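Novice: Chains as they are written, first to last, in the working numbering: chain L, 434 to 938; chain A, 12 to 110; chain B, 54 to 683; chain R, 237 to 738; chain P, 817 to 1079.
Sharing a structure below in structure tokens format, with a few things to ask.
Written out as structure tokens, the structure reads:
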């Protein structure tokens, strides 16, 4: 029996290895570093790991068009862009996570118990969120570079499991938080089963588990289309679930609301990039030649997603839920970039993902600032008059909302324009029209929030804005600056994306 | 015998699992139904592996099992946590977050 | 054509006065009225100078023009700000500035107690300027500027005492009804431009022969509407009675002598259009005839001295319009009547003002009586005007009115007979109501209010009255001597070959007219001099009188046909805008909101429902595949 | 010299100066704003002097690559139409600042913020008319909603936030429709020789008539909402009622002009065929706007709403002139845009002073103002006369040109529209009578007359109204070549005199 | 049925026999899993299905997977399930009546639709090639074949899975581990607390349950000398769970608890 040692191309794997290594060190820190030191050590470690990963990623950007780890990983331009986006967003998100005020002092303690009270008093912190975050980030950066179904599935679970856990760690409203974790977990596992079932049929269709093999089978066209169609359909369910497309969206409002806000921010921004990254790769390379089969369905889903997300968002009273529905609507917009299936669509989707991700983290960061004595205030009615009490928070939140609404001079507008024009170019006019229509609806509720903040007088209920740490403030500022910069002068980034974003098949 | 018969079994088990998720209230049973779905998918993998004469399907099934094991750990931890707070393992009781 | 650089001063002088007085504010209170009068007089002087120049030139060379600047110049639509002074406009210039100056003088005294006398004089100057622009403009568009300008001045002056709501309403009514007429003028200009490519008088005159009769008829009708609006002719006559709300000098100047005759000017000026559009011309005659009778009938029932005079004005302008509608033969007589009427009617209005001045601004003639002794000068000047309007020879009205009646009979056929009869009847009714005014005011018993102390007006007031009285006596004779005016205006009007077949000899017409006048006077004498006049208008009168008192239902008609439906429409549109248009928009918003709320119900909080939704989605996908595969 | 960029930067610089001023120093903020706007005005006039009026090409052209991957340029340039409107905007800006010296005080935020918003808005007003890249135009078109939104919602009165939202939603919906059309144009340009937003290149695109019609509608509805044309008008009365007078002047005087400007610059240029197809419908809408706006103005109880409704009527005239496709109509419409800016400004500013003195904007609350505050009253009256297009005042020239230009091609529309002038007399004279005439009603006895600052602010506006009424030809000479150019680009020539069919 | 029997008879190879016996059994068992009330029964049925699947794997030349299925899945994972079931309450049973309106019809329709459509589609899915069989791939043995792939081609995901396992462990720790937030009291401290406490009654330790009572079960409170029940004698956690019997019914009512003070 012969066995040749596999060639892994470590340099291409290095960002992921760094992340995993950082996470493992984090676990060890949990075990060996004294409690008092842990928060600082973990934060430093996590940020260091992420920065290191970014630097390493930057160094290897030229080595694109390569596969690594015996073909299970592919590293090309889009891969670099998506991984970089995820890492940058992760860094901003970690700024928020660093404010441990959001996390339960002792998740094992019963909500409201004496034990919990003591844990809070003693200033206990669950620093485990840092390694969990790093694990999730590792899964996310692996998701869009996976080159076969096995790696894809492992990455999917890798990014999901830590998020399931982290969703349940909120300090306030713990029952709701745990419920969010349960829902996210059950539905996530449910959708994973669909994903897996689809993968099985794709394997059955093509006799191959690698993307290249499946693609060849589709191009060759020898196989049985029924198997292919079932495979595409079920695999898509798994992916659409992750991006929160209708009708696979129902987890996201509940989970966004229940999860600790930093986790929501991280999850909303980074997961979306990862999942759309994977979708782009799969639909643009693997399924590209079966376009006839999935574009109509995906268009329908995109239209329904945009409209439902926008419509239901109007009726929301909770800012986090509203942002969740807005993120559903944005999933619809992003899907139109997937449907476009052209170079412009790819560029636009990547740009949109980054711009939207940054704005999302910024928006949730502002949410973490608005508090009363019992923690965050997410009831929109209590956001009244925020503009007066905290021009900083209100103005930046308004900016992010305007970006979501796609108002010119914000990144959202450039994103929306580029993605719709790409979709239009590919002939998906219906999607574009629905997109425009739902943008109009969406504008309505974004503006409503701005009205609440700026034009409504505050009710005296103790809601105030605290800037708990320089890090949170920094994340808001960074997000705002990026949002404006990408709206005013997006050319460098767009050019950068255009030059890099070419899938190798 | 025709290997595709296994596919029918697999599809049926998957369906039953999916329905189980919808109709059962006990979180643990719901979770078991999901496991049933994963197992059904695995059966498909193994069957296709045989049809295709290719071991990759079995590898995938193997990975599924491992990943499912991790999922079980995390899932059961979450369920236990919820049970401890609510004294109930019914998924219907966890419906604070809505609308 | 000759050019003259001084035409602009005709307008510029009074305009400068208006601007100076309005912008100068209270600082000019002390001397503003003098300045305004002086400027008006100097404008008259310029007019006289122009006349003398004109007289010195040959007939063909008499018109002069002045191009001021390029005004509106777009594509083929080229209108310069240009002035034109010809034989027709010089008549008006002199009338306007002459009578205008007299009225300025009169007002110095009449308005001396008014807080806002300066403003009054500013408006008077503004009016003079606008009116001069109206008659001097060399195109319909320039005329239009003056046309609306006098409308504005009239509005300002009628509403001069606008702190009284009724007066403010009267001024608004006048402006709005004038605007209806103005709209006609707009249409006429548009038709001219669309069909002939020009809006200047010269251009249109040149193009008339190349233009279809239909277009010219349309334009003619529109001009007639414009004239009707400005000259208070049927059916746009209703504003004139209310316009008496203004100070009496205003009524004399604007609503008797000058502005209301602008319609006659317009029709005369557009003679080339009407000559080529017989239908329009016929309509002019009809409108003139109707208004003639209309005004006369109203005049018989009015107790307000100014309103009676206003009705008379309406009727007299009816004569002019009728004459203008009779074609080339009538234009000159229309203008002649216009000029004579300018004198005697202005004089009578000033007389009325003088009476009111002495009677604490009382206007109800039933509260006058026997004023002859107390106001001899007023009585004399008014009486001369009275004789003139009656058409008693040799007073001015005799010459002009007689000519019109004669020309009406000569129009030929049934038309001639009808028109002749109407004009004759009108003369009779005129005699009746003017005699009524004379009797009620100056003779009979005193029916004064207790605090009335009638007295003669100061010289500044009676002097203009006297001058105008002289005019009423002599102007007719002077203008008709040797057909002076007819010959003067002759080059402007295209005369067809004389084919005068006199239906009645001139002397017969005069006889008939005088007979009618005598009958009218007699009836009035019997009715008002032989029996006591109640100082409150009796209620037990015939239906006819009641209707006449209400201006022949003109206001009720306008109210029922235009105002009420208009108000209803306005209210409905307001409600519609709110309910339907805005409602639709709000409805769309509501729909989005409520569908959002409804869809929100999907999110019921149960994880099993969510799973079911995913499952349903999956089933839908498979079903789609199944359909595709089949 | 990069005139246009300079013009856009000047207000921004002013805004920056105000931003760094110490917090309490409101007077300095006001003065800085006034100085800035005056400087901009001067600069604009200086630029206008160098304009070659017989040259129909764009002038003062600037072009820099902005987003090369989409073919987007920062491209500026003005033709006569844009120049005139920029001139109008920059003249109005100091007037508004001076006239509304105290109007920022009732606001939700500081006086400083108010002037920063005004100056930012001024930059955008210049930019929106100067942009020659469709994308740049759209960006500014949408972005300028934001300062206006905050100006209405933050400094207005009454239901200000509702009105601001209504304004914003309407505009955004229109803007999004336009965005869809712009995307389609962009994509088509990509298919026909490379992505571009250059308006000249876009106007040469080949497209089916169906496509052209749809894209035209996208643009037109956006502009019709902005203008506003019936039935897209209901936001305007609310916005005008709630906004401060100064904001209303900028809103009705300048922002709404973007709508009619856009119709000329974009609808006609980009979609000549579709413009012809839709002309009958648009003309009907325009005529309805004229009459409908007038009727609503007659029934209006609130003075600001009244002015808003009169504007709807006036925008009907402008729209009608644009689509009449005659040189008179086109020139008239462009001149109308300019004139309407000033006549509305006069009305709004004076109405604003009346309201701020009386503390009410209901017409019925006034009465006999002419006795109490004659200068105020007469200024209002004059502004009203300008609004009803009295000959001798500027609006007359433009209104008459529009009517005459329309009549030569569409006599019926012109005739119905002409009825608007009677209605105009009513809607101006009714409030004049109620507010200025009659006895002085209780509550109005002590109203103060205009002070020096207010007189200084209104004087140039009145002067422009009067001077341009008698002597519009300098402006017309600038406008005419551009208007004729637009018409000839569309393949139209003025109808020759018909001689009535003879 | 007859048709089926014929087919079974004709193709009476061992695998077919096995399939036609176990296949229906698996379906029935999994259906039963949905229908039984008690969770623990469901778990047993689940394990049963898993074992059948393991047999299927082995029958399909996937011996390694079959064994792993039994060892890891049935053995470890299902045991974990059962363990948690024990923790949650082995007796707990679901009511099978549906409480969410309209869900059941939807579920049944979806199930029938899903299953029906899948079966219908599979019926049309001619694989396009006959089953290759794994004899080639398993030439070196199934375990060897898998190992070769696992440690060469799939070594990267294999490594990553290890990180996944750590994540799972870490997660379970976070949710379940009670960290001590206060320092553990020393013997000395405890002793001091006993004697310096509110009452001296605790100094000698708490009474055990059942003392002097009619029962000596752990949930029956002790009776104090005066006959009143001593609440402190019951374990606090029983009390918290509500498993303590009502001590009032152990009160000896006829006893006069009043202590006569001696003068």
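In this text, a Cβ means the ideal position worked out from N, Cα and C, and glycines have one as well.
Note that the structure is predicted; figures quoted are calculated from it, not measured.
So, at 6 angstroms on beta carbons, what are the nonlocal neighbours of residue 722 of chain L in its own chain, with the 5 sequence-adjacent residues on each side left out?
Specialist: 651 and 652
Novice: Of all Cβ atoms in chain R, is any one closer than 8 angstroms to the Cβ of residue 788 of chain L?
Specialist: no
Novice: In angstroms with no decimal places, state the Cα-to-Cα distance between residue 257 of chain B and residue 136 of chain B.
Specialist: 16 angstroms
Novice: Does DSSP classify residue 433 of chain R as helix, strand or coil?
Specialist: coil
Novice: Would you list, in chain order, the members of the stretch 702 to 719 of chain R that have their beta-carbon closer than 7 angstroms to a beta-carbon of chain C?
Specialist: Judged by its chain identifiers, the structure shown contains no chain C, and its protein chains are L, A, B, R and P.
Novice: Quick one: is residue 283 of chain B near chain R, going by C-beta distance under 8 angstroms?
Specialist: Against chain R, the CB of residue 283 of chain B has no partner CB under 8 angstroms away; the residue lies outside that interface.
Novice: Report the rounded CA-to-CA distance for residue 584 of chain R versus residue 489 of chain R, giving the unit in angstroms.
Specialist: Between the C-alpha atoms of residue 584 of chain R and residue 489 of chain R there is a straight-line separation of about 10 angstroms.
Novice: Could you tell me which of B/480, B/622, B/682 and B/492 sits nearest to residue 562 of chain B, measuring between CA atoms?
Specialist: B/480
Novice: Taking the beta carbon of residue 37 of chain A as the centre, do at least 16 other beta carbons fall within 10 Å, making it buried, or is it exposed?
Specialist: buried
Novice: May I ask you to list the residues that DSSP assigns as paired with residue 135 of chain B?
Specialist: Looking at the DSSP assignment, residue 135 of chain B forms a beta bridge with B/120.
Novice: So if I threshold CB-CB distances at 8 angstroms, which residues from the stretch 962 to 984 of chain P count as touching chain L?
Specialist: 964, 967, 968, 969, 970, 971, 972, 973, 976, 977, 979, 980, 982, 983 and 984
Novice: Is the CB of residue 598 of chain R under 8 angstroms away from at least one CB in chain B?
Specialist: no
Novice: So what does DSSP say about residue 435 of chain B, is it helix, strand or coil?
Specialist: helix
Novice: Evaluate residue 27 of chain A with the Cβ neighbour count: other Cβ atoms within 10 Å of its Cβ, from every protein chain shown; 16 or more gives buried, anything less gives exposed.
Specialist: Here residue 27 of chain A is buried. Its C-beta has 16 or more other C-beta atoms within 10 Å.
Novice: Does residue 1039 of chain P come out as helix, strand or coil in the three-state DSSP assignment?
Specialist: strand
Novice: Kindly provide the ranges of any alpha helix (DSSP H) runs that are 4 or more residues long and lie completely inside the stretch 680 to 725 of chain L, ordered along the chain.
Specialist: 684 to 691, 694 to 699 and 705 to 714
Novice: Who does residue 804 of chain L pair with in a DSSP beta bridge?
Specialist: L/809 and L/897
Novice: For residue 121 of chain B and residue 498 of chain R, what's the separation of their Cα atoms in angstroms?
Specialist: Distance between the alpha carbons of residue 121 of chain B and residue 498 of chain R: 36 angstroms.
Novice: Within 8 angstroms, do at least three Cβ pairs link the stretch 492 to 511 of chain B to the stretch 365 to 383 of chain B?
Specialist: no
Novice: Starting from residue 299 of chain R, trace the beta strand (DSSP E) in both directions and tell me its first and last residue.
Specialist: 295 to 303
Novice: Does any residue of chain A have a CB that is nearer than 8 angstroms to the CB of residue 658 of chain B?
Specialist: Chain A, which has a Cβ nearer than 8 angstroms to the Cβ of residue 658 of chain B, makes this yes.
Novice: Tell me which same chain residues have a C-beta within less than 7 angstroms of the C-beta of residue 449 of chain L, skipping the five on either side of it?
Specialist: 571, 574 and 575
Novice: Going by DSSP, name the residue or residues bridged to residue 308 of chain R.
Specialist: Its beta-bridge partners are R/303.
Novice: Contact defined as beta carbons within less than 8 angstroms: I believe residue 898 of chain P pairs with residue 859 of chain P. What is the distance between those atoms, to the nearest angstrom?
Specialist: 5 angstroms
Novice: In whole angstroms, what is the alpha-carbon distance linking residue 757 of chain B and residue 379 of chain B?
Specialist: The question about residue 757 of chain B has no answer here: the residues shown for chain B are numbered 54 through 683.
Novice: Given a cut-off of 8 angstroms, decide if residue 627 of chain L and residue 670 of chain L are closer than it, judged by their beta-carbon atoms.
Specialist: yes
Novice: Taking the DSSP output, what are the residues bridged to residue 101 of chain A?
Specialist: Answer is A/37, bridged to residue 101 of chain A.
Novice: If you count every other CB in all the chains shown that lies within 10 Å of the CB of residue 902 of chain P, and 16 or more means buried, which is it?
Specialist: exposed
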